[in-house]
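*Asks:* Take the sequence shown: its letters are residues 55 to 237, numbered as in the working numbering.
C-beta atoms are modelled at their ideal positions from N, C-alpha and C, and glycine is treated no differently.
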Amino acid sequence: MPIDGYGSVILSREADAAGAVADYLVALGHQRIAMVTGPQTMISAIERRRGFIEALDRNGVAFLHEIEGDYSLASGVAAAEQLLSLSPLPTAIFAANDIMAAGILKVASERRISVPRPLSVVGFDGSLVAELLTPALTTVARPFGEMAEIATHQLIDLVEGQPLPQATPPPLRLVIAQSTAPV
Numbered sequence: 055m056p057i058d059g060y061g062s063v064i065l066s067r068e069a070d071a072a073g074a075v076a077d078y079l080v081a082l083g084h085q086r087i088a089m090v091t092g093p094q095t096m097i098s099a100i101e102r103r104r105g106f107i108e109a110l111d112r113n114g115v116a117f118l119h120e121i122e123g124d125y126s127l128a129s130g131v132a133a134a135e136q137l138l139s140l141s142p143l144p145t146a147i148f149a150a151n152d153i154m155a156a157g158i159l160k161v162a163s164e165r166r167i168s169v170p171r172p173l174s175v176v177g178f179d180g181s182l183v184a185e186l187l188t189p190a191l192t193t194v195a196r197p198f199g200e201m202a203e204i205a206t207h208q209l210i211d212l213v214e215g216q217p218l219p220q221a222t223p224p225p226l227r228l229v230i231a232q233s234t235a236p237v
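(1) In this structure, how does DSSP classify Ala146 when only helix, strand and coil are distinguished?
(2) Nearest-angstrom Cα distance between Ala72 and Pro219?
(3) Hey, quick one: how far does the alpha helix (DSSP H) through Ser98 stretch, first residue to last?
(4) Using 8 Å for Cβ pairs, my map puts Asp77 next to Asn113. What's the rounded Cβ distance?
(5) If you pair each beta-carbon of the stretch 166-179 with each one of the stretch 103-112, do three or more pairs fall below 8 Å?
(6) Alpha carbon to alpha carbon, how far is Arg196 from Asp179? Give it in angstroms, no decimals.
(7) Among Leu110, Asp124, Ala132, which one has its Cα closest to the Cα of Leu118?
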């Protein structure tokens, strides 16, 4: 898919992956679900938000609340301060990246709100941070190795003057860890 200013890019199916997060949370019985989006000027953030909301709608679950973040720890903390002040509390929060999810876990811990019960938290990106957190973060993993291989082949084709084949991005996958549980 072309993007102005870039010769070739590999785009992940962000909306599909975010939809899988919503489906998973609903399957666990969550009905009060909030989201910390990424900046709505970025394609990744727009797609994650769209996929998540569409899946909630498809499952007949109303979206509790959303706050726009900027993919930073500080914005995750600020969003958590607001979301964890709601009454009743959300039972699940989906953060559009693992760093903001870390901010949510930090505030939940400070407020003595246990994760994964009564609050489940999910991130996105499958970063090392997800494994380092306590509890380990449920996240959407991005297959960086496969993406690098595709990009390398495209670069070689470009250098050799070959036409670039339409690359199918490898699927993102939901990695279940300790930060989520049934209601």
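*Replies:* According to the structure data:
(1) strand
(2) 27 Å
(3) 97-112
(4) 7 Å
(5) no
(6) 6 Å
(7) Leu110
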